[in-house]
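Peer 1:
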Amino acid sequence: MNISDIDFTALINKYQSLIISTADSIWEYAETAFQEYRSCALLKSVLEEQGFTVSVPSSKLPTAFTARWGNGKPVIGLLGEYDALPGLAQKADVSSPAPLDAPAGHGCGHNLLGCGALAAALFLKDIMKREQLSGTILYFGCPAEENAAGKAYMIEEGFFDQVDAAFSWHPHYKSGIFNQALANHRVYYTFHGTSAHASQAPHLGRSALDACELMNVGVNYLREHMIDEARVHYAYTDAGGTAPNIIPAKAQLFYAVRAPRGEDARLLRERVDNIARGAALMTETSVDIKTACVYDSLLPNPVLDQLVLKYLQLFVPSYTPAEEAYAKKFVPYGNLPDADLAIDPVPDLSPSRKTGISTDVGNVSQILPCSAFMICCYASGSPLHHWTVTAQGKSSIAHKGMFTAGKILSSCVLELLTDPELLAQAKKAFAQSKEK
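Read in full-length UniProt numbering, the sequence shown has 245 at position 245, and its numbers run on one by one without any break.
#1: Just to confirm my understanding: we take Ala265, look at its own chain, exclude 5 residues before and 5 after, and list those with CB closer than 7 Å. What are they?
#2: Cβ of Pro74 within 8 Å of Cβ of Gly135?
#3: Under 8 Å by Cβ, that's how I've got Thr237 and Phe254 pegged, so tell me the actual separation to the nearest angstrom.
#4: Count the C-beta pairs between the region 303 to 312 and the region 402 to 421 that are closer than 8 Å, then say yes if the count reaches three, no if not.
#5: Skipping 5 residues on each side, what residues in its chain have a beta carbon closer than 6 Å to that of Ala276?
#6: Thinking just about the alpha-carbon of each residue, which of Tyr29, Lys328, Ser395 and Leu47 is nearest to the one in Tyr15?
#7: Considering Cα atoms alone, identify which of His399, Ile357, Cys376 and Ala405 is closest to Ala181.
#8: List in chain order: all unbroken alpha helix (DSSP H) runs of 4+ residues lying wholly within the region 305 to 333.
#9: Identify which residue in Arg231, Glu31, Glu157 and Asp340 has its Cα closest to the Cα of Ala89.
#10: Taking the beta carbon of Ser382 as the centre, do at least 16 other beta carbons fall within 10 Å, making it buried, or is it exposed?
#11: In the DSSP assignment, the beta strand (DSSP E) including Met374 goes from what residue to what residue?
#12: I'd like the list of long-range same chain contacts for His385, defined as Cβ closer than 8 Å, with 5 residues on each side in sequence excluded.
#13: Checking 8 Å against the spacing of the C-beta atoms, do Ser395 and Tyr326 come in under that value?
#14: Kindly indicate which three-state DSSP category Arg266 falls into: helix, strand or coil?
#15: Taking buried to mean at least 16 other C-beta atoms within 10 Å of its own C-beta, is His225 buried or exposed?
#16: Gln200 to Lys290, Cα distance in whole Å?
#17: Which residues mark the beginning and the end of the alpha helix (DSSP H) in which Ser168 is found?
#18: Taking 7 Å as the limit between beta carbons, can you name the residues of its chain near Cys293, skipping five residues before and five after?
#19: Taking 8 Å as the threshold, find out whether the region 124 to 143 comes into contact with the region 36 to 55 through three or more Cβ pairs.
#20: Between which two residues does the beta strand (DSSP E) carrying Lys250 extend?
#21: Starting from the C-beta of Phe65, find all residues in its chain whose C-beta is less than 7 Å away, skip the five residues before and the five after it, and write them out in chain order.
#22: Looking only at DSSP bridge pairs, what is Pro302 linked to?
#23: Might you give, ordered along the chain, the residues of its own chain that have their beta carbon closer than 7 Å to the beta carbon of Asp24, omitting 5 neighbours on each side?
#24: Can you check whether the CB of Lys91 is closer than 8 Å to the CB of Ala391?
#25: So, for Ala120: in the same chain, excluding its five sequence neighbours on each side, which residues have a beta-carbon less than 6 Å away from its beta-carbon?
#26: Could I get the ranges of all uninterrupted beta strand (DSSP E) runs contained in the region 94 to 175, with 3 residues as the minimum, in chain order?
#27: Does DSSP put residue 460 in a helix, a strand or coil?
#28: Can you give the beta carbon distance from Ala208 to Gly218, rounded, assuming they're within the 8 Å contact cut?
#29: Report the rounded CA-to-CA distance for Thr388 versus Arg353, giving the unit in angstroms.
As structure tokens, then:
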């Protein structure tokens, strides 16, 4: 079949209100990692109503699910996400900080991500029925991408065991391939010391907070001796209390240790672990080291990536003057020079793009052929994990990007369904990449 003959306008018109209302509802729910019960339930109900067979394969992951359409081989996966970020609740369409009284917000656009994949699934269902195509579409409801690498747990539970290839996408301000992401170890360092009165008996205390601060100093010196592409950053999750006259007996840090390859990240993380142990030794405290999750690096698949680039070039959204004026309010914070683009839909067609971010799509890419891309959904320069992204998450610009992603995803899947040789080439490229 010829992809150019598909009437995507008719498909979007058919599903537009359903998919937009679903994306906007998930924006409202704004549920964090492994707490996405309402978002998950909504997506499952929509897919069931549209004829998909929905299941929850693991009781350990109640907010993860699969939705199946079709029969037989090949089995192609669409990776959907719907978790939000703590602390990024923001009023919609307001171009200045206007936090909502809510614990989280969609500052990474996963309300759009999950529903762009939903759009692709619904488009594919209709096209496969009309063209009588064989093969199976699996929509994966993937929880906890943020801070927990939920797909790593899904891999352990066998979600992807029968999948031949998979696709993902992500909202961004610039469209392009997304095949380079940093491996990332998320690690908790919990220091235990001895409490004492900081003035009457300071000699009896052993400060867990001192250990945290010494660890951070040590890691700062480590930065001089890391590869350029590596990143290490941290947050205090327990700063030892609020009373300055009590020596803290417990304090905790949460670290992210990133590097381009999984082995690079593992070795760097070992050095960070040793700094934590050194800080404990210096302060006569002890340290518990616990891995929260590990994001693997993305393994590029040149066959699938070229397929994505083909449709990135074909499907480029256009915007109204009102949408351009809307975007201009946001980046950079209302002071965009007239000569610059408020929205930049033209894709970067480079076969590789460094993003500096981490994603658990990388874990999936290490076990099966996979490709991912970004689509313009926000005003130029809008930084992910920021209130401006939350604010734009229900805009018509965001919705256009979501449906553009749906068209690209469904087109790529259709090529694999109708061209067995293309899928064979993707599998061969995957095997060759794993051997390197």
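Note that beta-carbon positions come from the ideal geometry of N, C-alpha and C, so glycine has one too.
Peer 2: Taking the definition as stated:
#1: Within the sequence shown, residue 265 is the residue found at index 265, counting from 1. Correct list, in chain order: Ala183, Asn184, His185, Val257, Arg258 and Ala259.
#2: For the purposes of this step, residue 74 is taken as residue 74 along the sequence shown, with counting starting at 1. For the purposes of this step, residue 135 is taken as residue 135 along the sequence shown, with counting starting at 1. Yes; because the gap between Cβ atoms is below 8 Å, this pair is in contact.
#3: In the sequence shown, counting from the first residue as 1, residue 237 sits at position 237. In the sequence shown, counting from the first residue as 1, residue 254 sits at position 254. Their Cβ separation, rounded to whole angstroms, is 5 Å, which keeps Thr237 and Phe254 in contact under 8 Å.
#4: yes
#5: On the sequence shown, position 276 is the one that residue 276 refers to. Same-chain partners within the cutoff: Tyr189, Met215 and Val287.
#6: Taking the first residue of the sequence shown as position 1, residue 15 is located at position 15. The shortest C-alpha separation from Tyr15 is found at Leu47.
#7: Counted from its first residue, the sequence shown places residue 181 at position 181. Taking only the C-alpha atoms, the option nearest Ala181 is Ile357.
#8: 321 to 328
#9: The sequence position of residue 89 within the sequence shown is 89, counting from 1. Minimum Cα distance to Ala89 is reached at Glu31.
#10: Counting from 1 along the sequence shown, the entry for residue 382 is found at position 382. The residue in question, Ser382, is buried, as its Cβ has 16 or more Cβ neighbours within 10 Å.
#11: Walking along the sequence shown from the start, residue 374 turns up at place 374. Residues Cys370 to Cys376.
#12: Within the sequence shown, the letter at position 385 stands for residue 385. Excluding residues within five positions, the ones whose Cβ falls inside 8 Å are Leu85, Leu88, Gly107 and Cys108.
#13: Within the sequence shown, numbered from 1, the residue matching residue 395 stands at position 395. Within the sequence shown, numbered from 1, the residue matching residue 326 stands at position 326. Closer than 8 Å, so yes.
#14: Within the sequence shown, residue 266 is the residue found at index 266, counting from 1. DSSP places Arg266 in helix when its eight states are reduced to three.
#15: Mapped onto the sequence shown, residue 225 falls at position 225. With fewer than 16 other Cβ atoms within 10 Å, it is exposed.
#16: Your numbering for residue 200 matches position 200 in the sequence shown. Your numbering for residue 290 matches position 290 in the sequence shown. Using only the alpha carbons, I get a separation of about 34 Å.
#17: For the purposes of this step, residue 168 is taken as the residue at position 168 of the sequence shown. Taken as a continuous stretch (DSSP letters only), Ser168 belongs to no alpha helix (DSSP H), being part of the beta strand (DSSP E) at Ala165 to His172.
#18: Start at 1 with the first residue of the sequence shown, and residue 293 comes out as number 293. Around Cys293: Ala148, Ala149, Ala152 and Arg186.
#19: yes
#20: Counting from 1 along the sequence shown, the entry for residue 250 is found at position 250. It spans Lys250 to Ala259 - the beta strand (DSSP E) in which Lys250 sits, taken as one unbroken run.
#21: Here residue 65 is taken as the residue at index 65 of the sequence shown, counted from 1. Correct list, in chain order: Cys40, Lys44, Val54, Ser55, Val56 and Gly141.
#22: Taking the sequence shown and counting its residues from 1, one reaches residue 302 at position 302. Per DSSP, none; premise fails for Pro302.
#23: As a working mapping, residue 24 is identified with position 24 in the sequence shown. Lys394, listed in sequence order.
#24: As a first step, residue 391 is located in the sequence shown; it is residue number 391 there, counting from the start. As a first step, residue 91 is located in the sequence shown; it is residue number 91 there, counting from the start. Going by C-beta atoms, Ala391 is nearer than 8 Å to Lys91.
#25: As a working mapping, residue 120 is identified with position 120 in the sequence shown. Here the set comprises Leu78, Gly406, Leu409 and Ser410.
#26: 135 to 142 and 165 to 172
#27: Limits of the chain in this structure are 1 at one end and 436 at the other, which puts residue 460 out of reach.
#28: What you label residue 208 is simply residue 208 of the sequence shown in a count that begins at 1. What you label residue 218 is simply residue 218 of the sequence shown in a count that begins at 1. That belief does not hold up - the Cβ atoms of Ala208 and Gly218 are roughly 16 Å apart, past 8 Å.
#29: Counting from one through the sequence shown, the residue named residue 388 turns up at place 388. Counting from one through the sequence shown, the residue named residue 353 turns up at place 353. Cα to Cα, the separation comes out at about 23 Å.
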